[in-house]
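For reference, the structure discussed in these notes is given below.
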Amino acid sequence: MAAEQEVAALVGAFGGTAAVYGRHLGTGAELRVGDVDRRFATGSAAKVLVLLAFAEAVARGRVDPDHETTIDAGYRDARGGSGVLRFLSAGLRPTLQDCATLMMIVSDNVATDLLLDALGGPGAVNGAVERLGCDGLSIESPTVWTMPPEQFGLATPRGLAGSWAVLADEGPIAARCKAIAWRHQHRDGFARDVPFSPDLPDFGLRSPLRLWSKSGSYPGVSCEAGLFETDRGAWVLAVMADDVADWGNGASAAGPTLRAAVSRAVFDAWG
0 MAAEQEVAAL
10 VGAFGGTAAV
20 YGRHLGTGAE
30 LRVGDVDRRF
40 ATGSAAKVLV
50 LLAFAEAVAR
60 GRVDPDHETT
70 IDAGYRDARG
80 GSGVLRFLSA
90 GLRPTLQDCA
100 TLMMIVSDNV
110 ATDLLLDALG
120 GPGAVNGAVE
130 RLGCDGLSIE
140 SPTVWTMPPE
150 QFGLATPRGL
160 AGSWAVLADE
170 GPIAARCKAI
180 AWRHQHRDGF
190 ARDVPFSPDL
200 PDFGLRSPLR
210 LWSKSGSYPG
220 VSCEAGLFET
230 DRGAWVLAVM
240 ADDVADWGNG
250 ASAAGPTLRA
260 AVSRAVFDAW
270 G
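So this is what it looks like as structure tokens:
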């Protein structure tokens, strides 16, 4: 397919080792470039696994989304990286639903760890994800803020893309995940060059493309995966890269630029 050739050219010109996996949920058509069954470091892209486990636990009645947690100064200050809670006052009491929301829309590391703790840690999350039919991916650390060679998460592009297919199902798990992930604020990758605007429903309008995704990056690693939906169909997509020469994470950096270009190429083919 033309899209696969275009994506292969993008990956071939990229300054790093990348792989891309896409699957159309209606036709079953696949797009595969690179080693889509190799496990890559995910960075924050693995936070979708925590989201899925949270939604599954709520649906099973194991956790109360309105349960409040408390952020003490020591816990907060032990965590670096992305988010806002690490910069706010100690003593705040976000609910688990709040934590899930902050985890997905601003990639908040403190919120992620609070939620991960409440769910029972990596083993509980991995068990929930397995029950949901996902494989080839796992949470490896009890905290997001871990330094290589340790990793927060590992996943194959096929597995990480497949985890987003859960959101295409009917039922309370998908509904909760989609409501939370819809407002993601990091839009320099998949969302950059496609007709997606999460704010249109606020004006009574509908975005031509509906997109739920989560990116993850740190020096040398750049990943993103998500679910795309138009009136013509739906598909899941993952772009994963390591050994990335450009350590930047802004709109002009190599990682987000690759993810944006791949997203557009697949949208042109399947959207």
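Just so you know, numbering that gives the first Met the number 0 puts 142 at position 143 of the sequence shown, and the rest follows in order with no gaps. From the three backbone atoms N, C-alpha and C, an ideal C-beta is built for every residue, glycine too.
Asked                                                                                                                                                            : Found
Could you please give the first and the last residue of the uninterrupted beta strand (DSSP E) stretch that includes residue 215?                                : 209-217
Where does residue 73 fall in DSSP's three states?                                                                                                               : helix
Please state whether DSSP places residue 37 in a helix, a strand or coil.                                                                                        : coil
Which partner residues of residue 227 appear in the DSSP bridge assignment?                                                                                      : 210, 234
According to DSSP, which residues form a beta bridge with residue 18?                                                                                            : 239
Are residue 190 and residue 210 close, meaning C-beta to C-beta below 7 Å?                                                                                       : yes
Quick check on DSSP: helix, strand or coil for residue 220?                                                                                                      : strand
Can you find at least 3 beta carbon pairs, one from the stretch 123-135 and one from the stretch 5-17, that sit closer than 8 Å?                                 : no
How many whole angstroms separate the CB atoms of residue 144 and residue 225, which I take to be in contact at a CB cut-off of 8 Å?                             : Actually they are not in contact, since the Cβ atoms of residue 144 and residue 225 sit about 23 Å apart, beyond 8 Å.
So for residue 55, helix, strand or coil by DSSP?                                                                                                                : helix
Between which two residues does the beta strand (DSSP E) harbouring residue 136 extend?                                                                          : 136-138
Considering just the uninterrupted stretch of the beta strand (DSSP E) at residue 356, what are its terminal residues?                                           : With the chain running from 0 to 270 in the structure shown, residue 356 is simply not present.
For residue 32, which residues does DSSP report across the bridge?                                                                                               : 19
To the nearest angstrom, how far is it from the Cα of residue 85 to the Cα of residue 246?                                                                       : 23 Å
Tell me, to the nearest whole angstrom, how far the beta carbon of residue 261 is from that of residue 6; I am working on the premise that it is less than 8 Å.  : 5 Å
Just how far apart, CA to CA, sit residue 227 and residue 127?                                                                                                   : 23 Å
Sorted by chain position, which residues of the same chain lie with C-beta nearer than 6 Å to residue 110's C-beta, five sequence neighbours on each side aside? : 84, 98, 101, 102
With a CB to CB cut of under 8 Å and the five nearest residues on each side skipped, what residues in its chain are close to residue 253?                        : 13, 14, 15, 221, 243, 244, 245, 247
Per DSSP, which one or two residues make a beta bridge with residue 153?                                                                                         : 40, 137
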